[in-house]
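Numbering (my numbering), first residue to last: 1 to 451. C-beta: ideal position from N, C-alpha, C; glycine also. One structure is given here, and the rest of the page talks about it.
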Ligand code: FCB
């Protein structure tokens, strides 16, 4: 009888293993050293929109704790780190003058990573658009696409020679739908037509930035990050099947078809009618610019019935603190679906993780549920890789507990616990497990080389 191969042995030695964060969620220093206001700074001042009425003013105080946080990251044994740049910190008005102190912070971050042997994966837009650009219409305006390209080129000029990867946008769906249709995220707009136009501008500006960066001789890998879930029919009935397929087309393929096939799904365009985005000549070619990698953020599946999405509490699967079902098989299913539909570039899981109740007792956090979540999802990714999906890396969301957008600080996603009163960081059991797992991956390769 052959024993199943241990998880650590299933990955190639150049596989990217990382932890991920984003600027607004961890940096703090919201009004320091010349930083401009972002749309999330502004949104947090609206009464009632953030569950615990908190904001990003201090967050994890990462801006002031850069070196010790870099040591923390290095202590995990990761070979890459995914972070984002706060656009208003480096270019306060979103155009024109650059802020030297802001640029210097990211330069110290990137150099600090390199000095520790960690590859920098930089995201340009993890939602904190300069408020000054929002005042001129933000992502509803085509002019913002040009501003974004200038910003991308500015960052490349300063840091490009030291970056491994540059992601243009994180989760355009969230910016468009939660920010501009449901209005529960910044900038708090509630208009479906606007949301669809915003999503289009995000995709076009992604392609414009990729082309502009390549024209500048950028050597970093270039890609985009999407939040994706498989849409699972609630029953085998023809109605539920059709509803799930429709949800998949409108939710996932609305983004992946243009990126990989150069057009929006016609069935959705037909249904949108006057709400469909205005598309200028050349836009679709920009969107379909070949990319070096697709970043996939995976948290859960969606169960769909003919009468709409099924309440996760009704399915009987365990839930995270966000109320999201824990369903690792969904990651395999999603990756295989993408692999079937498109000729994929390298695929990175750019976010995966869970919020759990994490009591800190006697300096320890026994988060067995999170460790289990990470282990089963890494295995699910390996299953997809074994079936031909070009997997290149995995990034845990998140390095440490942080500002979870409209949930404030109440939901903890970190593998490192943050005591917000003291800013003390404590490795949870899941961080210790990840560290040991990554060491096992390295050892598996050393053993293979020696044999
Ligand atoms: C994703 C975001 C990330 C984090 C996780 C939980 O949608 O990209 O910033 O909030 O969800």
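Residue i by DSSP, collapsed to three states: which one?
i, result
"residue 171", "coil"
"residue 417", "strand"
"residue 82", "strand"
"residue 223", "strand"
"residue 278", "coil"
"residue 183", "coil"
"residue 67", "helix"
"residue 1", "Note that residue 1 has pLDDT 45, beneath the 50 cutoff, so the model's placement of it is unreliable and no number is given."
"residue 302", "strand"
"residue 208", "helix"
"residue 24", "helix"
"residue 112", "helix"
"residue 251", "helix"
"residue 19", "strand"
"residue 387", "coil"
"residue 50", "coil"
Would you kindly work out how many angstroms separate the C-alpha atoms of residue i and residue j, rounded to a whole number?
i, j, result
"residue 149", "residue 97", "15 Å"
"residue 240", "residue 311", "15 Å"
"residue 365", "residue 316", "26 Å"
"residue 81", "residue 421", "26 Å"
"residue 431", "residue 371", "8 Å"
"residue 449", "residue 10", "15 Å"
"residue 14", "residue 402", "29 Å"
"residue 208", "residue 43", "28 Å"
"residue 250", "residue 270", "11 Å"
"residue 78", "residue 131", "34 Å"
"residue 384", "residue 272", "34 Å"
"residue 7", "residue 436", "12 Å"
"residue 231", "residue 101", "45 Å"
"residue 416", "residue 284", "41 Å"
"residue 127", "residue 103", "18 Å"
"residue 66", "residue 119", "16 Å"
"residue 22", "residue 343", "29 Å"
"residue 228", "residue 298", "6 Å"
"residue 105", "residue 246", "45 Å"
"residue 336", "residue 47", "43 Å"
"residue 440", "residue 434", "10 Å"
"residue 33", "residue 223", "30 Å"
"residue 90", "residue 302", "37 Å"
Taking the beta carbon of residue i as the centre, do at least 16 other beta carbons fall within 10 Å, making it buried, or is it exposed?
i, result
"residue 386", "exposed"
"residue 147", "buried"
"residue 41", "buried"
"residue 37", "buried"
"residue 351", "buried"
"residue 205", "buried"
Which residue marks the beginning of the beta strand (DSSP E) containing residue i, and which one marks its end?
i, result
"residue 121", "119-125"
"residue 322", "First-last for residue 322: undefined, no H or E at that position."
"residue 394", "391-397"
Hey, could you find the ends of the alpha helix (DSSP H) residue i is sitting in?
i, result
"residue 97", "Note, residue 97: premise wrong, no alpha helix (DSSP H); not H, not E."
Worksheet entry | Cβ contact (3+ pairs, closer than 8 Å) linking the stretch 164-171 and the stretch 184-194 | The stretch 164-171 is not in contact with the stretch 184-194.
Worksheet item: Contact between the stretch 155-164 and the stretch 51-62: three or more CB pairs below 8 Å?
Response: Cβ pair count under 8 Å is below three, so no.
Worksheet item: Do the stretch 327-339 and the stretch 271-290 make contact, defined as three or more Cβ pairs closer than 8 Å?
Response: Contact between the stretch 327-339 and the stretch 271-290 is not established, with fewer than three Cβ pairs separated by less than 8 Å.
Discussion item. Below 8 Å, how does it come out for the stretch 404-419 and the stretch 27-37: are there three or more Cβ pairs, yes or no?
Written reply: Touching, no, given that fewer than three Cβ pairs across the two stretches are closer than 8 Å.
Worksheet item: Does the pairing of the stretch 349-368 with the stretch 256-264 give three or more beta-carbon distances under 8 Å?
Response: Because the criterion of three Cβ pairs below 8 Å is not met, the stretch 349-368 and the stretch 256-264 do not touch.
Discussion item. Within 8 Å, do at least three Cβ pairs link the stretch 317-325 to the stretch 217-225?
Written reply: In this structure the stretch 217-225 does not touch the stretch 317-325; the number of beta carbon pairs closer than 8 Å is below three.
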